[in-house]
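Structure first, then comments.
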Amino acid sequence: MGKMLKKFKSLFDPIDLTKGKIWKVIIAFFVPIVLSMLFQQVYTLTDTIIVGQTLSEQEVAGVSSSSALVWLVLQFGMGCTSGFSVVISERIGAKDLEGARKSYCVQVVLSIFISLTLTIIGFFCIPYMLKMINIVDNPLDPIMKEEYDAAYTYVLIIYMGTLAQVFYNLMVSILRALGDSFAPFLFLVGSTIVNVFLDLLFIIVFKMGVSGSAYATIISQGLAAIAAIIYAYKKYEWLRIRKEDWKFNGSFLLRHLKNGLPMGFQFSILEIGIIIMQGAVNSFDINMDGSLVAGVPAQVGYGAASKIFGFLMAFLNALGTAMLSFISQNYGAGEKERIKKGTIISFILGTSLWAFIVLIGLLSTINGAYLYIFYSASKINPSSIKYGNQYLYVSIPCMFILMLLFLTRNILQGFEKPLFPFLAGIGELTARTLICLFAPALINGGPINSDASTLSYIFVAMADPLAWVAATSIMIIPTIRNCFFKTKEK
Numbered sequence: 029m030g031k032m033l034k035k036f037k038s039l040f041d042p043i044d045l046t047k048g049k050i051w052k053v054i055i056a057f058f059v060p061i062v063l064s065m066l067f068q069q070v071y072t073l074t075d076t077i078i079v080g081q082t083l084s085e086q087e088v089a090g091v092s093s094s095s096a097l098v099w100l101v102l103q104f105g106m107g108c109t110s111g112f113s114v115v116i117s118e119r120i121g122a123k124d125l126e127g128a129r130k131s132y133c134v135q136v137v138l139s140i141f142i143s144l145t146l147t148i149i150g151f152f153c154i155p156y157m158l159k160m161i162n163i164v165d166n167p168l169d170p171i172m173k174e175e176y177d178a179a180y181t182y183v184l185i186i187y188m189g190t191l192a193q194v195f196y197n198l199m200v201s202i203l204r205a206l207g208d209s210f211a212p213f214l215f216l217v218g219s220t221i222v223n224v225f226l227d228l229l230f231i232i233v234f235k236m237g238v239s240g241s242a243y244a245t246i247i248s249q250g251l252a253a254i255a256a257i258i259y260a261y262k263k264y265e266w267l268r269i270r271k272e273d274w275k276f277n278g279s280f281l282l283r284h285l286k287n288g289l290p291m292g293f294q295f296s297i298l299e300i301g302i303i304i305m306q307g308a309v310n311s312f313d314i315n316m317d318g319s320l321v322a323g324v325p326a327q328v329g330y331g332a333a334s335k336i337f338g339f340l341m342a343f344l345n346a347l348g349t350a351m352l353s354f355i356s357q358n359y360g361a362g363e364k365e366r367i368k369k370g371t372i373i374s375f376i377l378g379t380s381l382w383a384f385i386v387l388i389g390l391l392s393t394i395n396g397a398y399l400y401i402f403y404s405a406s407k408i409n410p411s412s413i414k415y416g417n418q419y420l421y422v423s424i425p426c427m428f429i430l431m432l433l434f435l436t437r438n439i440l441q442g443f444e445k446p447l448f449p450f451l452a453g454i455g456e457l458t459a460r461t462l463i464c465l466f467a468p469a470l471i472n473g474g475p476i477n478s479d480a481s482t483l484s485y486i487f488v489a490m491a492d493p494l495a496w497v498a499a500t501s502i503m504i505i506p507t508i509r510n511c512f513f514k515t516k517e518k
């Protein structure tokens, strides 16, 4: 029993990514991250499943369609905190604990400012953003009115909890930068359990509807953020902020902004593209007279498909996240040979993960099996299965490109080269926007509505893979150059 307890405690020990066998270190660091991201998907899916099984079709569509708006704001905060963490990770690699602590102090200040700013902007922009995805407040159409009210309520409550969610992601990014990927996993497990309990309590017992789902999300994330802050304070004594740490110069602050803001804008830019894509999908549920198709099959099918896609994508995203800390620590330590070998190993691991994802993803499309995870059988019909499956048939085989995108983006960020990922985000947005706005109508020979051709919808689905190609093509050469030719001793 004592040995088991000792082994369990050792899981909380931070991993020094600058030492040890590279493949073992990467995998040991990667596994808790991928488990965390899978639980993050469970966290998100819980809302969808409970809402999908208990509320009306319009409320389900409102939550599903507005999720892109939620992530538009949250991804900016998450991107900023992820970019900020590069500085503390590089300081850890250089064994500069005082510099790491000052970095932590700067990140706390910036995260508070960013959270409050996002909350205010988000509050005033909700009606306009809902209109962007073809969700409008039409009192004359009860179906459209119900969907709008559900979407507005859900987004508003989530935006009001931005501070809790940004701080949770801040602490996760910092702990991973220190080489600790296991503790964030446990915090997320606990948060997911609390979220499920509160979902059931608020939605089923208290009959709070969509608002219950939103409150469950922000409360559970807030508790996880508090737990992570307490853990970091107790575990890492050197990380405890001192009075003198609040005195930092402008150049140090600017260094964090240089890494954080481009990544925040990049993540939000990607969400803008996804919002435009959601709007294109929603058009297939609108009749020629402007009313909604009963059951909104395109939104139901695409909503479920995008959720299962997000679950599969977590494996590749986790590998990229692991490489961010690996590169930044080794860059700080001047381990250029280790960076070269680690990059090659990450590509091999990514290719193996992609093969696994394709197999699982395509199997899930048989008879639209994945839709029954999220929705009751009464909400599923052949049309919703068709829309969902067509999206997955196009996107899943192309996830090899997405794997390259995650690796190149995080590797360059680890080198403190945020410009290329930022430009890649613009390229991705441009490609996705042009395809969604123009290709379907050109293929259909006219405006998109519920009578549009199948091929026009397939072109909407193709927007993702083509956007990944645009982004990866911008980053692949700088990644090769920095990993294999320009890595300098620090």
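Per my numbering, numbering of the sequence shown is gapless, rising by one per residue and ending at 518.
Note that the Cβ used here is the ideal one computed from N, Cα and C, for glycine as well.
Buried or exposed (CB count within 10 angstroms, at least 16 for buried), residue i
| i | result |
| --- | --- |
| Val200 | buried |
| Asn277 | exposed |
| Leu282 | exposed |
| Gly318 | exposed |
| Ser219 | buried |
| Ile149 | exposed |
| Thr436 | buried |
| Ala192 | buried |
| Lys445 | buried |
| Ser404 | exposed |
| Leu387 | exposed |
| Ala498 | buried |
| Leu125 | exposed |
| Glu118 | buried |
| Tyr156 | exposed |
| Ser380 | exposed |
| Phe213 | buried |
| Gly48 | exposed |
Nonlocal neighbours in the same chain, by C-beta distance under 7 Å from residue i, ignoring five residues either side
| i | result |
| --- | --- |
| Phe443 | Ile355, Tyr359, Asn510 |
| Thr461 | Gly301, Ile304 |
| Tyr180 | Ile154, Leu158 |
| Asn223 | Tyr71, Thr74, Ala244, Thr245, Ser248 |
| Met160 | Ile303, Gly307 |
| Gln294 | Gly107, Pro449, Phe450, Gly453 |
| Val98 | Val183, Ile186 |
| Lys368 | Cys511, Phe512 |
| Phe58 | Ala346, Leu347, Ala350 |
| Trp274 | Cys133 |
| Thr515 | Note that Thr515 has pLDDT 48, beneath the 50 cutoff, so the model's placement of it is unreliable and the number below is only indicative. Only Lys364, Ile367 meet the Cβ criterion. |
| Met172 | Val164, Asn166, Leu320 |
Close-in-space but distant-in-sequence residues of the same chain around residue i (CB under 6 Å, 5 per side omitted)
| i | result |
| --- | --- |
| Gly292 | Phe104, Gly107, Cys108 |
| Glu174 | Gln86 |
| Cys426 | Pro493 |
| Ala491 | Met305, Arg460, Ile463, Cys464 |
| Thr371 | Cys511 |
| Lys262 | none |
| Glu517 | Below a pLDDT of 50, predicted positions are generally treated as unreliable, and Glu517, at 45, falls in that range; the measurement from the model is reported next regardless. Cβ neighbours of Glu517 beyond the five flanking positions: Gly362. |
| Thr190 | Ser143, Leu146, Thr147 |
| Gly329 | Ser412, Tyr415, Gly416 |
| Phe280 | none |
| Ser209 | Phe57, Pro60, Ile61 |
Nearest-angstrom Cβ-Cβ length linking residue i and residue j, presumed shorter than 8 Å
| i | j | result |
| --- | --- | --- |
| Ser484 | Pro468 | 4 Å |
| Lys407 | Gly121 | That pair is no contact at about 50 Å. |
| Ile50 | Ile373 | 6 Å |
| Val238 | Ala178 | 5 Å |
| Ile61 | Arg204 | 7 Å |
| Lys335 | Phe402 | 6 Å |
| Gln418 | Ala495 | Wrong, their Cβ atoms sit about 17 Å apart, outside the cutoff. |
| Tyr69 | Leu216 | Checking the sequence, you will find Gln at residue 69 rather than Tyr. About 10 Å; that fails the 8 Å criterion. |
| Gln327 | Leu45 | About 42 Å; that fails the 8 Å criterion. |
Own chain, CB closer than 8 Å to residue i, minus 5 neighbours either side, in chain order
| i | result |
| --- | --- |
| Ile269 | Arg129, Tyr132, Cys133, Val136 |
| Trp382 | Leu344, Met427, Phe428, Met431 |
| Leu298 | Gln103, Gly453, Glu456, Leu457 |
Task: Whole alpha helix (DSSP H) elements within the region 83-143, 4-residue minimum - done: Counting only runs of 4 or more, we get 85-121.
- [ ] Check whether the region 406-419 touches the region 440-450, counting contact only when three or more Cβ pairs, one atom from each stretch, lie closer than 8 Å.
- [x] Verdict: no, contact absent.
Task: Contact the region 214-231 vs the region 156-166: 3+ CB pairs below 8 Å - done: Contact between the region 214-231 and the region 156-166 is absent: fewer than 3 CB-CB pairs across the two stretches fall below 8 Å.
Open item on the list: Quick check on the DSSP output: what are the complete alpha helix (DSSP H) runs of length 4 or more inside the region 302-371, in order along the chain?
Closed with: Listed in chain order, the complete alpha helix (DSSP H) runs (minimum 4 residues) inside the region 302-371 are 325-361.
Open item on the list: Report the start-end ranges of each alpha helix (DSSP H) in the region 200-255 that is 4 residues or longer and not cut off at the edges.
Closed with: Within the region 200-255, the complete alpha helix (DSSP H) runs of at least 4 residues are 210-227.
TODO: Note down, one range per segment and in chain order, each alpha helix (DSSP H) of at least 4 residues found wholly within the region 361-426.
DONE: As far as the region 361-426 is concerned, its whole alpha helix (DSSP H) runs of at least 4 residues are 364-391, 399-402, 410-423.
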